[in-house]
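Using numbering that gives the first Met the number 0, the letters of the sequence shown correspond one by one to residues 0 to 249. All C-beta atoms in this analysis are idealised placements derived from N, C-alpha and C, irrespective of residue type, glycine included. Read the structure below first, then the notes.
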Amino acid sequence: MAKWGVKNRLDDVVLVPISPSTQRRRRLLAGLAVSILCLACLVGGGALVWWYGVPGLSVIAGDSSEGEEDGPARRSLHQVKQELDQARKDLAVYRTEAQVGEQAREQLRQEIRALRDQQAELEQAVSFYKSVMSPSDEDHGLVVQKLELSPAEGERRVRYRLVLVQTGENRDALSGRVSFTLRGSRDGEAFTADAADYLEEHSEDKFQFRYFQELSGIVTVPAELQVSSLEVTATASGRRTAQSEQRLPW
Numbered sequence: 000m001a002k003w004g005v006k007n008r009l010d011d012v013v014l015v016p017i018s019p020s021t022q023r024r025r026r027l028l029a030g031l032a033v034s035i036l037c038l039a040c041l042v043g044g045g046a047l048v049w050w051y052g053v054p055g056l057s058v059i060a061g062d063s064s065e066g067e068e069d070g071p072a073r074r075s076l077h078q079v080k081q082e083l084d085q086a087r088k089d090l091a092v093y094r095t096e097a098q099v100g101e102q103a104r105e106q107l108r109q110e111i112r113a114l115r116d117q118q119a120e121l122e123q124a125v126s127f128y129k130s131v132m133s134p135s136d137e138d139h140g141l142v143v144q145k146l147e148l149s150p151a152e153g154e155r156r157v158r159y160r161l162v163l164v165q166t167g168e169n170r171d172a173l174s175g176r177v178s179f180t181l182r183g184s185r186d187g188e189a190f191t192a193d194a195a196d197y198l199e200e201h202s203e204d205k206f207q208f209r210y211f212q213e214l215s216g217i218v219t220v221p222a223e224l225q226v227s228s229l230e231v232t233a234t235a236s237g238r239r240t241a242q243s244e245q246r247l248p249w
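Written out as structure tokens, the structure is:
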């Protein structure tokens, strides 16, 4: 009788086919339910951790011991922040003082260099005036004491400056002329040329003095000339003849 009842119930079971769309909808609903459950667990766990784990919140719950213990820590943190701010200020002051000190040292170095240059110029001037005003035993006559070359404004223009001195005991006036000779190369070949053709107007090349005289002027060199040196020859004429020359790299 029992077997017949079970069989009868099995016979009553009807298998209904489920479409693919229905299967996907059921799986989606099941996944959504699981996600909601996990989210609820996370929110609840986070709330518990936040409530019992954050220092100071136990005071709200009725436990004031942790708040009392947290007070010194907060005061210590505030003190550390103040010390850090003060250290930053001290560092800024130190950097400013270091920059000012470096600027002062650089200015001092420049002043020392300027004083040394001035001292060298004064020593050179003293030596020059000694040679002029205190003649030696030997009568050297005419001497090219100094020859200087410096760039002038414009292309291939060079300014010359030379000082002529009469040495020895004889102080009669000397007069004469200075010639300039350029040496170098042109088109790969060595050349020697009289620079008189390249002297600009108002350049000085004549002298007349008893003790010393300074001459200056500008030489303009053509582009095809590659000058390597300038040779200056001072020649005194008249009752006393004398000659002196000096060469200087260009």
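The beta carbon of ILE217 sits closer than 8 angstroms to the beta carbons of ALA151, ARG156, VAL157, ARG158, TYR159, LEU198, GLU199 and SER202 from its chain, once the five residues preceding and following it are set aside; these are given in chain order.
If you draw a 10 Å sphere on the C-beta of ALA189, you find fewer than 16 other C-beta atoms in it, and that means exposed.
Rounded to whole angstroms, the separation of the alpha carbons of GLY237 and GLU147 is 28 angstroms. In this chain, the beta strand (DSSP E) harbouring TYR159 covers 156-166. Here the alpha carbons of LEU214 and THR232 stand approximately 13 angstroms from one another. Per DSSP, the continuous beta strand (DSSP E) segment holding PRO248 begins and ends at 241-248. For the set PRO248, LEU181 and LEU141, the Cα lying nearest the Cα of TYR210 is the one of LEU141. Distances from the CA of VAL226 to each of GLN118, ASP186 and ARG239 were compared; the closest alpha carbon is that of ASP186. Counting along the chain, GLY175 sits inside the beta strand (DSSP E) bounded by residues 173-185. Sixteen is the threshold: since fewer than 16 other Cβ atoms of the shown chains lie within 10 Å of the Cβ of THR191, the residue is exposed.
Annotation: ALA241 to GLN106 spans about 49 angstroms, alpha carbon to alpha carbon. By the Cβ neighbour-count rule, ALA222 is exposed, with fewer than 16 other Cβ atoms within 10 Å of its own.
Taking the Cα positions, GLU122 is about 12 angstroms away from LEU114. In the DSSP assignment, ASP204 is bridged to no other residue. Around the beta carbon of VAL92, a 10 Å sphere encloses fewer than 16 other beta carbons of the protein chains shown; the residue is thus reported as exposed. Residue range 140-150 is occupied by the beta strand (DSSP E) that includes PRO150. At a Cβ-Cβ threshold of 8 angstroms, PHE127 and SER174 do not count as neighbours. Around the C-beta of GLN81, fewer than 16 other C-beta atoms lie within 10 Å, and the residue is accordingly described as exposed. ARG112 and GLN102 have their alpha carbons spaced roughly 15 angstroms apart. Of all alpha-carbon atoms in PHE208, SER178 and LYS145, the one lying nearest the alpha-carbon of ASP171 is that of PHE208.
Cβ-Cβ distances below 7 angstroms link SER243 to LEU141, VAL142, VAL143 and ALA233 in the same chain, with the five nearest sequence neighbours on each side left out; the list follows chain order.
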